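Report on one structure; see the data block that follows.
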Amino acid sequence: MKPHLLSVKNLSIDFDTSDGIIRVVDSVEFNLNAGECIGIVGESGSGKSMTSLALLRLIPGPHGKISTGSIELDGKDINQIPVQEMRSIRGKEIAMVFQEPMSSLNPVMTIGDQIEEALLLHESLEKNARKQRVIEILSLVGIPNPIERLGSFPHEFSGGMRQRVMIAMALSCNPKILVADEPTTALDVTIQAQVLDLLKNLRKQFNTAIILISHDFGVISDIADRVFVMYCGRIVESATIDTIFSSPAHPYTEGLLKSIPSKNNLGRLYQIPGQVPSPSERGKGCDFFDRCTKQMPKCSQSKPNLEIIHGTHAVACFAVNTQA
Numbered sequence: 000m001k002p003h004l005l006s007v008k009n010l011s012i013d014f015d016t017s018d019g020i021i022r023v024v025d026s027v028e029f030n031l032n033a034g035e036c037i038g039i040v041g042e043s044g045s046g047k048s049m050t051s052l053a054l055l056r057l058i059p060g061p062h063g064k065i066s067t068g069s070i071e072l073d074g075k076d077i078n079q080i081p082v083q084e085m086r087s088i089r090g091k092e093i094a095m096v097f098q099e100p101m102s103s104l105n106p107v108m109t110i111g112d113q114i115e116e117a118l119l120l121h122e123s124l125e126k127n128a129r130k131q132r133v134i135e136i137l138s139l140v141g142i143p144n145p146i147e148r149l150g151s152f153p154h155e156f157s158g159g160m161r162q163r164v165m166i167a168m169a170l171s172c173n174p175k176i177l178v179a180d181e182p183t184t185a186l187d188v189t190i191q192a193q194v195l196d197l198l199k200n201l202r203k204q205f206n207t208a209i210i211l212i213s214h215d216f217g218v219i220s221d222i223a224d225r226v227f228v229m230y231c232g233r234i235v236e237s238a239t240i241d242t243i244f245s246s247p248a249h250p251y252t253e254g255l256l257k258s259i260p261s262k263n264n265l266g267r268l269y270q271i272p273g274q275v276p277s278p279s280e281r282g283k284g285c286d287f288f289d290r291c292t293k294q295m296p297k298c299s300q301s302k303p304n305l306e307i308i309h310g311t312h313a314v315a316c317f318a319v320n321t322q323a
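The sequence shown runs 0 to 323 under numbering that gives the first Met the number 0.
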């Protein structure tokens, strides 16, 4: 059996705060194969972005740290390697497209220079070859007139074009894995579709594995093969994208899907009651207990484990697993 390209096992992330040690990601596990796209979905505060930062060892210190688990890339635990070696992997083997393209791009450096930085760090190319590579990658992500735009600054691009530049920077060294954290946030629907089409084409052309982080099931469904639903730092459901839409099992997943606008739902959109508890408010029971429509007495006493209910469909819910 071919080994996974990326294997995350028992990943937990803690922060040392004035309220004590707070766990923001709890025992997360998933695998990723070459050329595959997985989606990680959930509300703000569910631990999606912190999980993605851990994959590149970018947890903000000194207060934050990976407290347990391993992150194996091609069989090597990147959580255990020296910092210098990690710098050679970050951008070359695994790259990231961050949420806010305007704040992630340097406003006083040209687009060409910013993309060339990664090539200087990871590739042994002469200056003319680097310039040509920058032009090629800008053309690849759909930037018109790439030669003329080399000297442009971020403020001279629209939001959608800045997002394309961010993707170009991430892809400049042909990484095996692209982590895209909310790549369509704050973009209009037309530009969202263009960015997702770009990611799909890049995956098809280069066999790039993609981890797509989003709060939007519509975005996830357009590109992902499998989806992991996160709530309060834990994975509460995982399945193929078709299974999630046809047979959602966890009450939280059901609530997220019911809140998606559709042509058959022209009235007031469904809203999951209550709010996501902050990390310091989480107790010993299921974190979704106060908002759940299927709550049982033991839900308030302990957290359910993620268990297989059918095939590769896994759910962390006492109500569901008791019936399975």
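For glycine and all other residues, C-beta sits at the position ideal for the given N, C-alpha and C. Since we're looking at a predicted model, the values are computed, not measured.
Proximity of residue i and residue j at Cβ, strictly below 7 Å
i: Ser279; j: Ile21; result: yes
i: Gly34; j: Val226; result: no
i: Ile307; j: Cys36; result: no
i: Phe317; j: Lys302; result: no
i: Asp115; j: Val133; result: The residue you asked about is not Asp; residue 115 is Glu in the sequence shown. Yes, the pair counts as a contact, with Cβ atoms nearer than the cut-off.
i: Val23; j: Met49; result: yes
i: Gly158; j: Leu186; result: yes
i: Ile212; j: Lys47; result: yes
i: Ala192; j: Ala94; result: no
i: Met229; j: Ser45; result: yes
i: Ala315; j: Val235; result: yes
Rounded distance between the beta-carbons of residue j and residue i, thought under 8 Å
i: Ser299; j: Phe288; result: 5 Å
i: Arg163; j: Ile110; result: About 10 Å; that fails the 8 Å criterion.
i: Val40; j: Phe216; result: 6 Å
i: Ile77; j: Ile65; result: That pair is no contact at about 10 Å.
i: Arg161; j: Leu104; result: 6 Å
i: Gly90; j: His121; result: 6 Å
Where the beta strand (DSSP E) through residue i begins and ends
i: Ile93; result: Ile93 to Val96
i: Thr67; result: Gly63 to Leu72
i: Ile142; result: Careful: Ile142 lies outside any beta strand (DSSP E) and carries neither H nor E.
i: Cys36; result: Cys36 to Val40
Start and end residues, alpha helix (DSSP H) containing residue i
i: Gly5; result: Note on residue identity: the sequence assigns Leu, not Gly, to residue 5. Where Leu5 is concerned, there is no enclosing alpha helix (DSSP H), although the beta strand (DSSP E) it sits in stretches over Leu5 to Thr16.
i: Val164; result: Gly158 to Leu170
i: Leu104; result: Looking at the DSSP string, Leu104 is not in any alpha helix (DSSP H), and its letter there is neither H nor E.
i: Arg22; result: Here Arg22 belongs to no alpha helix (DSSP H); instead the beta strand (DSSP E) covers Gly19 to Leu31.
i: His121; result: Ile110 to His121
i: Val133; result: Lys126 to Leu139
i: Ile146; result: Pro145 to Arg148
i: Ile77; result: Premise fails: Ile77 is in no alpha helix (DSSP H) and is neither H nor E.
i: Leu57; result: From DSSP, Leu57 is part of no alpha helix (DSSP H); its letter is neither H nor E.
Of all the alpha helix (DSSP H) runs that stay within the bounds of the stretch 176 to 250, which reach a length of 4 or more residues? 188 to 205, 216 to 220 and 240 to 245
Ignoring anything shorter than 3 residues, give me the beta strand (DSSP E) runs that lie fully in the stretch 259 to 314, in order along the chain. 306 to 309 and 312 to 314
Under 8 Å, with one C-beta from each stretch per pair, do the stretch 6 to 14 and the stretch 56 to 72 reach the 3-pair mark? yes
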